[in-house]
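Notes for the one structure printed next.
Residue numbers (the UniProt record's numbering): 1 to 377.
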């Protein structure tokens, strides 16, 4: 398996599937080509030009379904220089480098190879096993949304997501709410600021409100950790000698239960309405750009206890992850027990010189295979 597994992952990393635009079709083709060689039936669902989902299914003798899910897209390479080319898939010692090595082409490849191995061995299964590779998770989860539209999830007993957890058993992830605030001022000559309304300076007052919310909204819940609020992107102004008439701020809110995204959005909107209620205040707009609920699975759920048994550890070892996953779309109410487990290190995600430990990757293939056989035979 090792002789095939490492080159296969290198080939996936060498495909540029950064999102935007995604181009997941190139990854889909790699999976399809391999299925053609092994005789494993597959299905491709077109989503948009150059974009698609890919899935295979191993039928079970009884009822129930387990979905092993991962995304094919990656974030952009970024401006910082890389020591190893981001699409080289270069192997240096035990580290395999490239964009997506950790998040999450290693988990994606490991899940696929585990399913492929069970198919080749003609193992009898009590439940249907689905491998699902989605498009677009890094931006809008278009692939997960398409799958949810096309497929009936009522018979899904468990969901396994191969995001990077450093081989730890994760039972949930934080929610994410992205909010965009726009202030509209009035242009004037930079030497006569009183003749205009400075949209950037008014946005500074918005940032002060965001700073206050960091404390007001901060809660902590095991195993997901602490909620957070941060102002991460601001754009405004035309040039130095012109009073800016427009400014945009993007706010990243990460939540844990029992925080309600609707309630937080409403509170922020009310605070901004109070701020901009002055007669001389500019107009403002507030938009929701992303809404992913937190998900959390009971540690006594069979998919979790099975994973813990395979790891030879107890429930005290479970954790949560800070990022969101496609599980927030496929399982927004946490109805389906969900395990998040992958070989990548989440701290390397979205970083230059992203890499995965190849031994962790190889161990994960074995883990996923054992998980399928323990849970579905």
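Built from N, CA and C at the ideal position, the CB exists for glycine as well.
(Q) Below 8 Å on the Cβ atoms is my contact criterion, and I expect residue 41 with residue 56 to pass it. Report the Cβ-Cβ distance as a whole number of Å. (A) 7 Å
Q) From this set, 175, 197, 122, which residue's C-alpha is nearest residue 221's C-alpha? A) 175
**Q.** 9 Å Cβ cutoff met for residue 52 and residue 24
**A.** yes
Q.
Can you list, in chain order, the residues of its chain with a C-beta nearer than 7 Å to that of residue 188? Leave out the 5 residues immediately preceding and following it.
A. 195, 196, 243
Q.
Which same chain residues end up closer than 6 Å to residue 296 when comparing Cβ atoms and leaving out the 5 residues on each side of it in sequence?
A. 172, 334
Q) Between residue 148 and the rest of its own chain, which residues show a CB-CB distance below 7 Å, the 5 nearest in sequence each way excluded? A) 329, 330
Q: Going by CA-CA distance only, name the one from 65, 201, 357 that's closest to residue 155.
A: 65
Q) Of the residues 371, 354, 359, 360, which one's Cα is nearest the Cα of residue 103? A) 354
Q) residue 253 bridges to which residues according to DSSP? A) 177, 229
Q. Terminal residues of the continuous beta strand (DSSP E) containing residue 290?
A. 283-292
Q. How would you write the range of the alpha helix (DSSP H) that residue 25 sits in, first residue to last?
A. 25-38
Q: State the DSSP-derived secondary structure class of residue 307, mapped to helix, strand or coil.
A: helix
Q. Can you tell me whether DSSP reads residue 234 as helix, strand or coil?
A. strand
Q: Can you have a look at residue 313 and say buried or exposed, based on whether 16 or more other CB atoms are within 10 angstroms of its CB?
A: exposed
Q) What is the DSSP secondary structure of residue 168, counted as helix, strand or coil? A) coil
Q) DSSP puts residue 97 in a beta bridge; with which residues? A) 355
**Q.** Coil, strand or helix - residue 204 by DSSP
**A.** helix
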